[in-house]
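Participant: When you number the sequence shown by the UniProt record's numbering, it's gap-free, plus one each residue, and the end is 133.
Beta carbons are placed, not taken as given, at the ideal position from N, Cα and C, and that holds for glycine.
Quick caveat, the model's predicted, so the values are computed rather than measured.
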Amino acid sequence: MKTIILCGGKGTRLWPLSREQLPKQFIKIFDDKSLFQRTVERAKLFSQEDEIFIVTNKEYKFRVLDELKEINISIPERNTLLEPSGKNTLPAIYFGIKTIKEIYGDCNVEVIPSDHVINTNDAYTEAFKTGEI
Numbered sequence: 001m002k003t004i005i006l007c008g009g010k011g012t013r014l015w016p017l018s019r020e021q022l023p024k025q026f027i028k029i030f031d032d033k034s035l036f037q038r039t040v041e042r043a044k045l046f047s048q049e050d051e052i053f054i055v056t057n058k059e060y061k062f063r064v065l066d067e068l069k070e071i072n073i074s075i076p077e078r079n080t081l082l083e084p085s086g087k088n089t090l091p092a093i094y095f096g097i098k099t100i101k102e103i104y105g106d107c108n109v110e111v112i113p114s115d116h117v118i119n120t121n122d123a124y125t126e127a128f129k130t131g132e133i
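Below, the structure is given as structure tokens:
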């Protein structure tokens with residue numbers, strides 16, 4: 001299973017807590033981990049680190065890499081995909097899938113946002129496995 005993590009949002013709807021320099025996916029709301037870091041850990045339930053691709057923008061590239069280091073996860077830097085321009089969700093998903101297809105050919109891909117609170121439990125894992133083709 002390959003994973004695309006969407007991580008390019010500006011966080012404008014959660015203003016003033018979230019803002020362009022610190023969008024909600026990078027805020028540590030509940031504990032010492034950001035929503036992005038929690039998302040990466042959740043992605044590792046179904047994908048190897050080198051099968052996780054992060055679609056973000058050039059403004060957040062180094063933030064993404066720093067956040068990965070904080071939680072000792074080694075996703076290859078080449079898997080950090082920089083959108084040429086922010087065009088919202090569908091083009092970001094297409095960009096990730098196109099890249100994965102070029103590397104791996106046809107394969108199963110999960111797409112997950114980095115700015116949602118999702119509790120990982122047995123029900124989540126079972127639901128995910130049920131939806132897997």
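Which whole runs of the alpha helix (DSSP H) in the region 52-110 are 4 residues long or more, in chain order?
Facilitator: Every alpha helix (DSSP H) stretch that sits fully inside the region 52-110 and reaches 4 residues is listed by chain position as 61-70 and 89-104.
Participant: Report the CB separation of I4 from V109 in whole angstroms; it is logged as a contact under 8 angstroms.
Facilitator: Between V109 and I4 the Cβ distance is about 6 angstroms, and since that is below 8 angstroms, they are a contact.
Participant: Roughly how many whole angstroms lie between the Cα atoms of M1 and E49?
Facilitator: 11 angstroms
Participant: On a Cα-Cα basis, can you pick out the residue from T120, G9, I52 and N79 that is closest to Y60?
Facilitator: For the residues T120, G9, I52 and N79, the minimum Cα distance to Y60 belongs to G9.
Participant: Using CA coordinates, which residue listed in K58, Y104, I73 and C7 is at the minimum distance from P84?
Facilitator: K58
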